[in-house]
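The structure under discussion appears below in the form of structure tokens.
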Amino acid sequence: MEDKDFLQFIANVKKMTGIDLALYKEAQMKRRLTSLRVKRGFQSFSQYFDAISKDKVLFYEFLDRMTINVSEFFRNPGRWEVLENKILPRLAKQSPRIKCWSAACSTGEEPYTLSLILLRKRLEASVLASDIDEGAISKAKQGVYTDRSLQDCPKDLVAKYFAKDTLSYRISDEVKNRVTFKKHNLLADTFDSQFDLIICRNVMIYFTEEAKHELYHKFSRALKPGGVLFVGSTEQIFQPQQYQLETEDTFFYRKMG
Numbered sequence: 001m002e003d004k005d006f007l008q009f010i011a012n013v014k015k016m017t018g019i020d021l022a023l024y025k026e027a028q029m030k031r032r033l034t035s036l037r038v039k040r041g042f043q044s045f046s047q048y049f050d051a052i053s054k055d056k057v058l059f060y061e062f063l064d065r066m067t068i069n070v071s072e073f074f075r076n077p078g079r080w081e082v083l084e085n086k087i088l089p090r091l092a093k094q095s096p097r098i099k100c101w102s103a104a105c106s107t108g109e110e111p112y113t114l115s116l117i118l119l120r121k122r123l124e125a126s127v128l129a130s131d132i133d134e135g136a137i138s139k140a141k142q143g144v145y146t147d148r149s150l151q152d153c154p155k156d157l158v159a160k161y162f163a164k165d166t167l168s169y170r171i172s173d174e175v176k177n178r179v180t181f182k183k184h185n186l187l188a189d190t191f192d193s194q195f196d197l198i199i200c201r202n203v204m205i206y207f208t209e210e211a212k213h214e215l216y217h218k219f220s221r222a223l224k225p226g227g228v229l230f231v232g233s234t235e236q237i238f239q240p241q242q243y244q245l246e247t248e249d250t251f252f253y254r255k256m257g
């Protein structure tokens, strides 16, 4: 009975939002959403769905829980160093203006990290940042962060590009203006093309193998030849050539051709 209730919930969410929860790892997703439903005092997923379809606050909380908005500036700093010192200089030789996409950008730390590096390198670039969660995007556009989010951000960049309030840091317009945010569902929406760099980190781990496989194909098609896909530290692609990709460095994959 409980399984039927959850499957109906998945079908209802897909009808209402276009988000297909069946493409996420079921045990993980079900555990996470069950704890949220119980915490909010709903006996069943059908009751919970009725509530989220009427109450925006509950709906955005559901999206937040589903998409796990955990992010920091310069997460895994060593990989960002490789991007700054090896990948971007090569891409700059290939394209006078580097076209970048931060996919599933959460609350903005990742695209703003990229923007900070591009400013430091004085590189011409456009940065698209997208996420399925409108709540996360509106937080990203505000550009206000805690010191925890900034623990790996180089101190000189914090001093130069952030204004400190009492309990938070506000990112400067110079960094913000380089990033364009939009709502986008990786699993359902079409992708733009001719990207030099796509960053999609710590998101694939929530998807089924089939969904992952399809996404790698879509990312590859969205890249220019010589363009790079930068993935998270738990998301190594073991046979990149099946997606017309080759390893350029750990967690960086270059489009062949």
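Note that this note's numbering numbers the sequence shown so that position 212 is 212, with each residue one more than the last. Heads up, the beta-carbon is just placed ideally off N, CA and C, and yes, glycines get one too.
Taking Cβ to Cβ, would you say residue i is nearer than 9 angstroms to residue j?
| i | j | result |
| --- | --- | --- |
| leucine 114 | leucine 91 | no |
| proline 154 | phenylalanine 230 | no |
| leucine 128 | leucine 23 | no |
| alanine 222 | glutamine 239 | no |
| glutamate 72 | arginine 122 | no |
| cysteine 200 | phenylalanine 181 | no |
| isoleucine 117 | glutamate 248 | no |
| methionine 16 | methionine 66 | no |
| tyrosine 112 | glycine 143 | yes |
| alanine 136 | aspartate 64 | yes |
| lysine 224 | serine 95 | yes |
| asparagine 202 | serine 233 | yes |
| phenylalanine 300 | phenylalanine 6 | Examination of residue 300 is not possible in this model, given that the chain is present from 1 through 257 alone. |
Could you check what DSSP says for residue i in three-state terms: helix, strand or coil?
| i | result |
| --- | --- |
| threonine 247 | strand |
| aspartate 55 | coil |
| proline 225 | strand |
| valine 203 | coil |
| alanine 92 | helix |
| lysine 25 | coil |
| arginine 32 | helix |
| isoleucine 19 | coil |
| serine 102 | strand |
| aspartate 196 | strand |
| arginine 40 | coil |
| glutamine 239 | coil |
| asparagine 76 | coil |
| phenylalanine 191 | coil |
Pick out whichever of the options has its Cα sitting closest to the Cα of residue i.
| i | options | result |
| --- | --- | --- |
| isoleucine 237 | Thr250, Leu128, Gly227 | Thr250 |
| asparagine 185 | Ala211, Val57, Tyr112, Phe6 | Ala211 |
| isoleucine 198 | Ala129, Cys100, Val57 | Cys100 |
| alanine 104 | Asp196, Lys183, Ala22 | Lys183 |
| alanine 159 | Lys25, Ser149, Ile171 | Ile171 |
| glycine 226 | Glu209, Gln241, Gly257, Phe207 | Gly257 |
| glutamate 124 | Tyr253, Arg97, Ser130, Thr146 | Arg97 |
| threonine 265 | Gln151, Tyr145, Arg178, Glu214 | A query on residue 265 cannot be resolved here, the shown segment of the chain reaching from 1 to 257 and no further. |
| leucine 119 | Lys176, Asp133, Lys141, Ser168 | Lys176 |
| glutamate 81 | Asp152, Lys39, Thr234 | Asp152 |
| serine 130 | Phe6, Asp192, Asn12 | Asp192 |
| arginine 32 | Lys14, Glu61, Ala140 | Glu61 |
| proline 271 | Ser35, Glu174, Val228 | The structure shown does not extend to residue 271, since the chain is modelled only from 1 to 257, so the question has no answer here. |
| asparagine 76 | Arg37, Glu109, Glu214, Arg40 | Glu109 |
Using only the heavy atoms of the ligand MG, determine whether one of them is closer than 8 angstroms to the beta carbon of residue i.
| i | result |
| --- | --- |
| aspartate 64 | Absent from the structure shown: the ligand MG. Ligands present: none. |
For residue i, which beta-bridge partners are listed by DSSP?
| i | result |
| --- | --- |
| tyrosine 253 | Leu229, Thr247 |
Exercise. Starting from the N-terminal side, write out each stretch of the beta strand (DSSP E) that is 3 residues or longer and does not extend beyond the segment 125-185.
Key: The segment 125-185 contains these whole beta strand (DSSP E) runs: 125-131, 162-164, 169-171, 179-183.
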